Amino acid sequence: MEDFAAEIKGLKNSTKKVIGCFPLYPPLELFHSMGLTPVVLWGMPDPEGQLAESDQHVQNYACSVGRNITQLVLSDLSDTLDGLFMYNACDTLRNLPEILTWGLEEKGKAIPVFKMHLPASNPGDGFGRDYLDKRISMLIQELEMAYDVTFSEKPFLESTELYRKMRLLTRELEKKAQKAQIPFDLFINITQEQHTASVEDQIRLLEHHLNEQYSSDVPDSASPVMVSGITPPSPELLKLFSGAGLRIVVDDIAAMHRSNAYIPEASGSPGDYYSDFFQNHFPCTTLLHQQHSRFDVIMKLIEETSVRGFIFIGTKFCEHEYFEIPSLERAIKEKGIHFLALETSVGDTDNINAMRTRIEAFSELLAN
Amino acid sequence: MSKFQKTRAGINLSKMMKANYMQQAEDVKQGKFAVWVGIIVPIEILRGFDIVIGVPENYSAMSSAKGLSREQCEKAEAMGYSMDLCSYARIDIGNNLGPEPDTAIPPLPKPDLLISNNSNCTLLLKWFDVYRHEYNIPHYILDIPFGYEAQKKQDTQYICDQFHDMIATLESMTGQKFNISKVEEAMDNSYEALKHWKRFLRAGESKPAGITAFDSFVQMAPYINMRGTKDLVDHFKILADETEERQRSGIFPMPDESFRLLWDNIAPWHQLRKMSARLAGLKANIVCGTYTNCLGNSEGSADIYPYNGSSPIEFLARIQNFPICAYGLDLRYKVLKELIERYQIDGVVFASNRSCKVYSIMQMDQERKLRDELGIPCVSIDVDHADVRKYNDANAFVRIEALLENIEASRKN
């Protein structure tokens with residue numbers, strides 16, 4: 217987490233205010249257009265389980281994502297962030313804005329904390345769309361007041377163009393990773409780096425890697441698999457996959473494919489843009505208006521990529537993911553695809569050896 | 286009441302709940318349309334249709350109180366549902382989708398439609414979605430913005446819009462015409478019932494208290510699935526009248542009450558009798574619970590939200606944040622402070638509930654602030670509201686006894 221925090225602190229060298237956002241799909245373009253630098257507080261590895269500050273505020277039966285955000289904001293970043301933004305996703309995260317506000321106040325710090333309710337009804341139509349429009353307008357007003365900035369359509373349009381470019385490049389890189397033209401662990405590292413980089417730096421980073429020639433040490437004969445979860449597999453887990461003869465050819469990871477599969481057209485209207493963004497977003501377990509379409513989309517991906525196995529990487533205590541697993545497992549197996557469920561936490565390296573045997577056995581199953 | 290003698294209200298409760306359940310089963314047999322709803326879904330609106338309403342959360346709590354939770358949870362876990370998931374959900378899924386349904390409490394009649402809302406918790410949507418997959422039926426989601434502050438007009442309007450859409454969905458699915466006068470009648474009944482409920486809870490304010498929170502945990506059950514009915518009004522009237530009569534006659538559940546405690550969280554249903562008896566031995570009475578106090582309130586208030594008899598749909602939208610889980614830390618602190626003063630509370634028990642993160646993940650800060658600002662002793666104990674396997678009586682009581690010692694010490698000082 218120190219590196220993660222150091223990257224964010226690095227952004228403070230510019231004159232722009234830095235706003236920490238969670239969970240994964242905040243209105244980054246809007247912040248950018250108003251002269252702010254948004255960073256996404258997601259997937260930070262914890263330093264060998266040291267969560268002393270978080271443990272004062274959040275019970276140990278909350279997921280590692282929530283605990284790590286708390287630790288990061290109240291310790292390493294308590295002097296760094298100029299604001300926090302969150303929207304509703306799960307029960308743990310919806311409690312965090314006030315916990316963080318109180319925690320910062322205890323330290324004598326006060327920063328603006330913006331909270332937006334993302335409609336769980338269809339944000340693309342009818343009353344869901346109306347409500348989304350109102351919440352975005354409210355957010356704009358709050359940002360204008362907090363930072364003495366002004367919203368206008370032209371910079372918003374430019375920001376949406378930039379983010380569109382960044383997402384297109386990310387998807388291009390993802391395709392290379394799926395074809396083993398870039399190692400998958402490197403691709404994951406790059407997507408993690410993107411969370412703490414400005415969009416301009418993200419574009420530079422992605423262009424650099426797209427221009428590089430990489431080779432993957434995973435042989436073509438390795439069994440193609442799909443991985444799924446709210447956080448990417450750790451480097452240790454990836455080593456186990458490749459060592460066991462598994463090759464990731466597609467992912468359903470929240471911070472990866474789910475984030476970039478749908479890329480909205482640029483627009484000068486925040487209402488139109490975010491309505492499109494959320495309505496057509498790749499279904500994620502954290503986006504409540506989409507849960508009815510997740511299985512169909514996953515099955516389609518499985519069919520398109522001819523994977524032989526599906527690996528669910530569960531983040532412990534993430535109820536949104538775990539509720540769908542038994543039904544999803546059955547649906548996947550009915551397609552003749554093998555299924556493996558692993559459970560981990562962000563930064564968890566203790567259980568790697570216990571997983572090795574299961575992963576190797578799974579690989580043998582696929583090979584046969 | 287704490288000695289578990291059946292009161293008039295206790296006898297009536299069993300009779301009424303059983304009759305309601307039997308009637309529902311019969312109605313479904315006769316082909317009536319059945320809906321399963323989350324506990325905060327405004328069932329007064331559904332009274333505008335002639336349909337059967339089942340509430341899975343109530344079913345799970347009852348199952349746990351009757352000591353049946355272990356078996357049902359294990360069935361769900363055997364099907365792949367993680368032990369970390371809410372125990373209400375595991376009990377319900379285990380019983381409905383497991384190999385053999387429970388015979389002591391038969392499962393709810395199978396639904397034609399699911400209606401959930403995310404006011405209390407978002408995981409309810411995921412739990413109900415399991416049934417959408419398994420039964421291949423529609424799942425209607427009511428989206429209630431979380432209450433970080435008082436509900437805004439735009440939120441009330443958004444919720445009203447959804448209620449109207451839900452009504453249109455029901456009209457289309459049932460083929461029935463929505464009857465608003467039945468909703469008005471149901472709303473009048475609910476409001477009348479709530480006034481009796483608050484009268485019953487006020488018995489906890491006296492010293493010694495006229496009730497224990499355990500009485501309120503048990504008696505709240507019909508509010509969950511029988512809102513809007515005349516039976517509920519009659520029952521809460523019996524309950525409040527009888528409680529007041531007992532107080533006037535000098536009958537108190539704990540006449541030698543030394544410690545007045547407040548309970549923050551859902552009740553550990555599997556421990557009601559045991560915990561109540563053990564606390565009585567320590568002369569400690571839980572006189573108030575945030576869980577049972579919040580019925581009919583608005584967010585951040587300890588009192589019932591006034592209903593003037595008009596616009597039931599708008600009123601029901603306005604109180605969609607009534608459960609304490611539906612609002613944030615600042616508002617919860619306000620309510621806790623009010624209840625501590627009103628009930629002359631000596632100490633607060635924060636039940637850290639592994640199955641209810643939305644209730645629990647705030648308690649550490651809440652506890653610290655109450656201790657620092659009000660100087661009130663607090664303790665946190667680990668519980669699970671329905672999974673007995675996740676509760677350790679010895680550990681809980683070591684901490685509760687430490688709280689009582691702390692209260693004693695603070696009195697001496």
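Protein chains in written order, with our numbering: chain A, 217 to 584; chain B, 286 to 698.
Backbone N, C-alpha and C fix where the C-beta goes; we use that ideal spot for every residue, glycine too.
None of the values given here were measured: they were computed from a predicted structure.
If you run the structure through DSSP and keep just helix, strand and coil, what is V634/B?
Looking at V634/B - three-state DSSP - the assignment turns out to be strand.
Using beta-carbon positions only, say whether G251/A and V329/A come within less than 7 Å of one another.
At the C-beta level, G251/A and V329/A stay beyond 7 Å of one another.
Can we say the segment 296 to 306 of chain A touches the segment 230 to 239 of chain A, given the rule of at least three CB pairs closer than 8 Å?
Put simply, the segment 296 to 306 of chain A touches the segment 230 to 239 of chain A. At least three CB pairs are less than 8 Å apart.
Can you tell me which of the three DSSP states N709/B falls into?
Look at the range of chain B in this structure, 286 to 698, and you will see that residue 709/B is not part of it.
For a cutoff of 7 Å on Cβ pairs, would you count E314/A as touching chain B?
Answer yes: the Cβ-Cβ gap between E314/A and chain B drops below 7 Å somewhere.
Sort out for me which residues DSSP pairs G299/A with in a bridge.
According to the DSSP secondary-structure assignment, G299/A is paired through a beta bridge with I235/A.
Candidates N578/B, Y416/B and Y306/B, of which the one nearest Y628/B by Cα
Ranking N578/B, Y416/B and Y306/B by Cα distance to Y628/B puts N578/B first.
Whole angstroms are fine: how far does the CA of L331/B sit from the CA of H424/B?
The straight-line gap separating the alpha-carbon atoms of H424/B and L331/B is approximately 15 Å.
Any idea what DSSP makes of Y425/B, helix, strand or coil?
When DSSP states are grouped into helix, strand and coil, Y425/B belongs to the strand group.
For S431/A, count neighbouring Cβ atoms within 10 angstroms of its own Cβ and tell me buried if that reaches 16, exposed if not.
By the neighbour-count rule (16 or more Cβ atoms within 10 Å), S431/A is not buried but exposed.
The alpha helix (DSSP H) spanning W318/A covers which residue range?
Looking at the DSSP string, the run of the alpha helix (DSSP H) that includes W318/A is D307 to E322.
Chain-ordered neighbours of T308/A on chain B, where CB pairs are closer than 9 Å
For T308/A, the chain B residues whose Cβ falls inside 9 Å of its Cβ are K642, V643 and I646, in order along the chain.
Which stretch, first to last residue, makes up the alpha helix (DSSP H) that contains D526/B?
That run of the alpha helix (DSSP H) goes K515 to R533.
For D549/B, tell me which candidate among L557/B, S561/B and T575/B has the shortest Cα-Cα distance.
Selection L557/B, S561/B and T575/B evaluated against D549/B yields T575/B as nearest (Cα-Cα).
Minimum Cβ-Cβ distance from Q357/B to chain A less than 7 Å
By this cut-off, Q357/B is not an interface position.
According to DSSP, residues forming a beta bridge with S375/A
Beta-bridge pairing links S375/A to no other residue.
I think Q439/B touches K331/A, with their Cβ atoms under 8 Å apart; what is that distance to the nearest whole Å?
Incorrect: roughly 14 Å between the Cβ atoms, too far for contact.
Buried or exposed: which applies to M361/A, given that a residue is buried once 16 or more other Cβ atoms fall within 10 Å of its Cβ?
The Cβ neighbour count for M361/A, taken over all protein chains shown within 10 Å, is under 16; the residue is labelled exposed.
I need the DSSP call for G574/B, collapsed to helix, strand or coil.
Correct three-state label for G574/B: strand.
What do you reckon, are the CB atoms on V313/B and P394/B nearer than 7 Å?
It is a contact, given that the beta carbons lie within the stated cut-off.
So, S414/A versus T308/A, is the Cβ gap smaller than 7 Å?
Pairing S414/A with T308/A gives a Cβ-Cβ distance that is not under 7 Å.
Min CB distance E452/A to chain B below 7 Å:
By this cut-off, E452/A is not an interface position.
Take N343/B and list the residues in its own chain whose beta-carbon comes closer than 8 Å to its own, dropping the five residues that flank it on each side.
Around N343/B: I324, A506, I509 and N510.
A326/A versus chain B: which residues are under 9 Å apart at the beta carbon?
By Cβ distance, chain B contributes nothing, its closest Cβ being about 14 Å from A326/A, past 9 Å.
From the DSSP output, read off the bridge partner residues of S439/A.
Paired residue(s): L462/A.
Are the C-beta atoms of C663/B and some chain E residue less than 7 Å apart?
No chain E is part of this structure, whose protein chains are labelled A and B.
Which parts of the segment 536 to 588 of chain B are runs of the beta strand (DSSP E), unbroken and 3 residues or longer, counting only runs that do not cross its ends?
Listed in chain order, the complete beta strand (DSSP E) runs (minimum 3 residues) inside the segment 536 to 588 of chain B are 544 to 549 and 569 to 574.
At a Cβ cut of 8 Å, what residues of the segment 338 to 362 of chain B count as close to chain A, listed as they run along the chain?
From the segment 338 to 362 of chain B, no residue has a Cβ closer than 8 Å to chain A.
Where G445/A falls: helix, strand or coil (DSSP)
Three-state result, G445/A: strand.
Does the CB of Y618/B have a neighbour CB from chain A at under 7 Å?
False, the Cβ-Cβ gap to chain A never drops below 7 Å.
Residues sharing a beta bridge with C663/B, DSSP
Partner(s): V633/B.
So, do the segment 388 to 398 of chain A and the segment 484 to 500 of chain A have three or more beta carbon pairs nearer to each other than 8 Å?
With fewer than three CB-CB distances shorter than 8 Å, the segment 388 to 398 of chain A does not count as touching the segment 484 to 500 of chain A.
CA-CA distance, I568/A and C500/A?
The alpha-carbon separation between I568/A and C500/A amounts to approximately 26 Å.
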